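Here is the structure we will look at, set down as C-alpha cells.
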Amino acid sequence: MDEDVHDVLVVGGGPTGMMLAAELRLQGIDVVVLEKEKEPSRLVRSLGLHARSIEILDQRGILERFLAEGTVYPGIGRFAGIPSASSPELDTAHGYTLGIPQPVTDRLLEERARELGADVQRGREVVDIAQGAESVDLVLAEGEHVRGRWAVACDGGRSRVRGLLGIGFPGEAADHEWLLGEMEVTAPAEEVAAVSERVRREHRGSGIGPSSNPGLHRAVVPAEGVAEDRTEGPTFEEFLERLRAFVGTDFGGHSPVSLTRFTDATRLAERFRSGRVLLAGDAAHVHPPLGGQGLNLGIQDAFNLGWKLAAVIAGQAPPALLDSYEAERRPVAADVLTTTRAQSVLISGEPGALALRRVLGELMDLPEVDRLLSEKIASLSIRYDLWPGGETPSGIVGRRLRDLPVSSGRLFERMREGRWTLLDPSGAFDAERWSDAVVHVVEPVEDLPAPAVLLRPDGHIAWAATAPALDGPGRPAAQSSPDPSSPEPDPSTLESVLEHWLPR
Ligand SMILES: Cc1cc2nc3c(=O)[nH]c(=O)nc-3n(C[C@H](O)[C@H](O)[C@H](O)COP(=O)(O)OP(=O)(O)OC[C@H]3O[C@@H](n4cnc5c(N)ncnc54)[C@H](O)[C@@H]3O)c2cc1C
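Using our numbering, the letters of the sequence shown correspond one by one to residues 1 to 504.
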C-alpha cells in the first residue's frame, strides 16, 4: 500500500473520534484524526458517564484516570429525573454515575489516542470527499488532499461528511432551543444559589450554577425561538437578555468563555455507512441531552466499530463483519432516541405530563420497571442480534458480560489488549488455531453464566457453551463438530463461530 495512503481517516476529534482512534491504534492500525478546531473546546456539554461507558474504560485499563478527575455518584441517572422508592440491583460492578465535565473526558480520550500513536492533526477542516474503489480522498479547507483506505465521520450532529455523502438524517426538527454559556458573575454565591434552587424546582432542563471550570458559572436558558442558522453561537448580549427574561437577573455576568445553542431535534441517519465511509457518534444520531446519553452513545459506537474495522483492514475478518456495525448500533441509537423523546414529554411541566410522571413514579417503585429504565440509561441491557434470523443456543449470546473475578484478578484486566477472550475454566476447548487473536483464559471464573464463554473484543458474548465442558478431568467435552458440508456457520460450536468471524 502506498505510504501516503493511511488506513483510516477519522474526521472530527470529539470524544467519538478520539475513542475510535485509540481503539484502532490498539489494534495496530495507522490512523489520522482531522479536527477543524485548533484548540480543544472548553464548552461543558456532557456532565458525566454512565455504567456501560465506565465498563468500557475499565476494559481498556484507563478508568483510573477518569476516576481521578471525576466524582462518583452512587446509582444510575434517574429516568426523566423521577424519584423511586426501589433501588434495583444492576448486573454490573460499576453501578454508579461518574460526574466528569466533557472537556476533561475529551482531553483524557485525546491523551489516550496520542499515547497509542494516533496522528491527531488540529486546524484541519474537511470540506469535500471523493470515494474510489480502494480509497477515500478528503479535501481540506486549505485545498490539501488526504487519502485513506477508510474514513469515519465523527464530525458531530451537523456532520458535513454525512451531508456530502447524501445520507438522509430523518427525524423531528427542533421545536425548542436553549442557550448554554459559561461566564464569570459578580452576584454573591448566596443569590446564585437561591435563584438556582427556584429554577430547579420550576423548570426542569434549565438552570444556573457553578461550573466545573473553576471560577465560572454555567447557565442553560430557553432561547426566544429556534434560530434559523445554528452554526453561529448566540451573542453574549442575547444570552444575558434571555437570562434576565427567564430568571429576573443576569447575575452581573461578564467574561464569557463559551456560548452555544442546542435544541431538542431528534434525528437518526438512514445508513451508518456509504462505501468506505462510516458514521459514528452525533454524526449518526442526535437527540436532546436528557438522560445524558449522547457522548456515552458515541464512545460505545466507537468501541463497537474499532475492532471490526481493524480486523477487516488487517485481513483477519471478512468484510461482512463491518455490516454488523450498523446492524448492531443503529437499533441501539433508535432506542435512545425513543427514551429521550419520552423524557422530553415528561419534563414539559404540562398537566398531562405531570400526571404521567406520577403514574410512572408509582410504576418505578416496582423494581422490575425501575431496573428496565435504569438499564436503558446506563446501556446495560443491550443485546446484539449476532445471528439475524437464526437460532442462538443460549439466551446470553449478544449480551455484554460484566466484570467478574478470575483467579488471577479480574476479567476486565484480561481484556486490555482488545483481543477476543475465551473464558474456559475447565480447559475443555481448543482455540489454538486462533492464538494470535484469542486470549484463552483457563482458570476459575466466579459466576460465569455458562460452562465456557467467548467474548468479542468489545466484551459482548459471541458464543456460550451449553453443556458441562468436561467428560472427565482434562478431557474435552463431546461438543458437536461443525458440519463441514454446511455453508452456514453453526452458532452452537466454538470452532464454527471462530471460523466464521476469524477464518483461518
Ligand atoms: C447541553 C448539552 C448537554 C449534554 N450532556 C450530555 C451528558 O450529560 N452526557 C452525554 O453522554 N452527552 C451529553 N451531551 C451530548 C454530547 O455532548 C455529544 O453527544 C457528544 O459531544 C458527541 O460527541 P461526538 O464526538 O460524536 O461529536 P462532537 O463532540 O460534536 O465532536 C465533533 C468534532 O468534529 C469536529 N468537526 C466538525 N466538522 C468538522 C470538519 N468538517 N472537519 C474536521 N473536524 C470537524 C468538531 O470541531 C468537533 O470537535 C450533551 C450535549 C449538550 C448540547
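Every residue gets a Cβ at the ideal spot worked out from N, C-alpha and C, and that includes glycine. Source: prediction; values computed, not measured.
Option nearest residue i by Cα separation, candidates the options
{"i": "alanine 283", "options": "Ala378, Val195, Gly156", "result": "Gly156"}
{"i": "valine 189", "options": "Gly215, Pro351, Phe169", "result": "For the record, residue 189 in the displayed sequence is alanine; it is not valine. Nearest of Gly215, Pro351, Phe169 to alanine 189, Cα basis: Gly215."}
{"i": "glycine 298", "options": "Asp4, His6, Gly12", "result": "Gly12"}
{"i": "serine 211", "options": "Val192, Ser435, Pro351", "result": "Val192"}
{"i": "valine 5", "options": "Val32, Arg25, Gly17", "result": "Val32"}
{"i": "glutamate 177", "options": "Arg230, Asp323, Arg419", "result": "Arg230"}
{"i": "isoleucine 129", "options": "Lys36, Gly171, Leu140", "result": "Leu140"}
{"i": "leucine 20", "options": "Val345, Ala452, His500, Gln300", "result": "Gln300"}
{"i": "glycine 217", "options": "Ser206, Phe236, Arg244, Pro256", "result": "It should be pointed out that residue 217 corresponds to histidine in this sequence rather than to glycine. Ranking Ser206, Phe236, Arg244, Pro256 by Cα distance to histidine 217 puts Pro256 first."}
{"i": "valine 377", "options": "Ala80, Gln59, Leu34", "result": "Reading off the sequence shown, one finds isoleucine at residue 377, where the question assumed valine. Closest option to isoleucine 377, Cα to Cα, is Ala80."}
{"i": "glycine 252", "options": "Glu241, Leu259, Glu326, Leu448", "result": "Glu241"}
{"i": "alanine 280", "options": "Asn304, Ala265, Gln293, Asp385", "result": "Asn304"}
{"i": "leucine 98", "options": "Ser435, Pro74, Asn213", "result": "Pro74"}
{"i": "serine 274", "options": "Val136, Glu432, Ala437", "result": "Val136"}
{"i": "glutamine 27", "options": "Ala314, Arg414, Glu499", "result": "Ala314"}
{"i": "serine 206", "options": "Thr263, Leu165, Leu164, Ile56", "result": "Thr263"}
{"i": "tyrosine 325", "options": "Val442, Asp458, Ala174, Val441", "result": "Asp458"}
{"i": "valine 336", "options": "Arg358, Arg267, Pro318", "result": "Arg267"}
{"i": "valine 277", "options": "Val441, Gln102, Val161", "result": "Val161"}
{"i": "alanine 431", "options": "Met415, Leu498, Glu362", "result": "Leu498"}
{"i": "proline 170", "options": "Ala269, Ala302, Met364", "result": "Ala269"}
Beta-bridge partners of residue i, as assigned by DSSP
{"i": "serine 274", "result": "Val277"}
{"i": "alanine 153", "result": "Val11, Leu279"}
{"i": "serine 258", "result": "Glu182"}
{"i": "arginine 341", "result": "Arginine 341 is not bridged to any residue."}
{"i": "glycine 148", "result": "His6, Val136"}
{"i": "tryptophan 463", "result": "Leu454"}
{"i": "glutamate 89", "result": "None, per the DSSP bridge assignment."}
{"i": "glutamine 121", "result": "Leu34"}
{"i": "aspartate 385", "result": "According to DSSP, aspartate 385 bridges with nothing at all."}
{"i": "arginine 158", "result": "DSSP lists no partner for arginine 158."}
{"i": "proline 405", "result": "Arg410"}
{"i": "aspartate 301", "result": "None; aspartate 301 has no bridge partner."}
{"i": "arginine 399", "result": "Arg383"}
{"i": "isoleucine 129", "result": "Leu138"}
When the Cβ atoms of the stretch 105-113 are set against those of the stretch 240-250, are three or more pairs found closer than 8 Å?
-> With a cut-off of 8 Å, the stretch 240-250 and the stretch 105-113 do not count as touching, because too few Cβ pairs lie within range.
Decide if the stretch 92-104 is in contact with the stretch 355-373; the criterion is three or more beta carbon pairs, one per stretch, under 8 Å apart.
-> As far as the Cβ criterion goes, the stretch 92-104 does not touch the stretch 355-373, which means the pair count is below three.
How about the stretch 63-79 and the stretch 297-308: do they share at least three Cβ pairs that are nearer than 8 Å?
-> By the Cβ rule, the stretch 63-79 does not count as touching the stretch 297-308, because fewer than three pairs are nearer than 8 Å.
Is it true that the stretch 34-52 meets the stretch 180-188, where meeting means three or more beta-carbon pairs spaced less than 8 Å apart?
-> Counting Cβ pairs under 8 Å, three or more are found: they touch.
Could you tell me which uninterrupted beta strand (DSSP E) segments, each at least 3 residues in length, are contained entirely in the stretch 419-447, listed from first to last along the chain?
-> Assignment of beta strand (DSSP E) within the stretch 419-447, counting only whole runs of 3 or more residues, yields 420-423, 438-441 in chain order.
Is there contact between the stretch 327-335 and the stretch 344-354, where contact requires at least three CB pairs shorter than 8 Å?
-> Contact between the stretch 327-335 and the stretch 344-354 is absent, because fewer than three Cβ pairs lie under 8 Å.
Assess, as a yes-or-no matter, whether the stretch 443-457 is touched by the stretch 422-433 under the definition of 3 or more beta carbon pairs within less than 8 Å.
-> Taking a contact to require three or more Cβ pairs closer than 8 Å, the stretch 422-433 and the stretch 443-457 qualify as touching.
For the 8 Å Cβ check, are there 3 or more pairs between the stretch 396-411 and the stretch 115-130?
-> Taking 8 Å as the limit for Cβ pairs, the verdict is that the stretch 115-130 does not touch the stretch 396-411.
Runs of beta strand (DSSP E) lying entirely within the stretch 194-273, each at least 3 residues, in chain order | Segments of the beta strand (DSSP E) lying fully in the stretch 194-273: 207-210, 217-222, 254-263, 266-268.
In the stretch 344-380, which residue ranges form an unbroken alpha helix (DSSP H) of at least 4 residues, counting only runs that do not cross its ends?
-> With a minimum length of 4 residues, the continuous alpha helix (DSSP H) runs that stay inside the stretch 344-380 are 351-364, 367-378.
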